[in-house]
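Everything below concerns the one structure shown next.
Numbering (UniProt numbering), first residue to last: 1 to 75.
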């Protein structure tokens, strides 16, 4: 398993834990921020800005929708 694949899997696992947590309790803002960071890492970016600069409108749309779900669970 390459390092990138391992990092992507780790980010996916973090997101899965976050959404599982959000079903039974309200996540904190810090947990939401960590989940959002895991989300852009899952897409292969080191920062949100890097992800948003990619020339892939569909990816950016999915990212923004998922990020909104992450923060909605914490609000």
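Just so you know, even glycine gets a beta-carbon here, dropped at the ideal spot from N, CA and C.
Note that the structure is predicted; figures quoted are calculated from it, not measured.
Between residue 42 and the rest of its own chain, which residues show a CB-CB distance below 8 Å, the 5 nearest in sequence each way excluded?
8, 11, 12 and 15
Which same chain residues, not among the five before or five after residue 20, have their C-beta less than 6 Å away from its C-beta?
Correct list: empty, nothing qualifies.
Relative to the C-alpha of residue 40, which candidate in 55, 31, 63 and 54 has its C-alpha closest?
63
Between which two residues does the alpha helix (DSSP H) containing residue 28 stretch?
Element bounds for residue 28: n/a, residue is neither H nor E.
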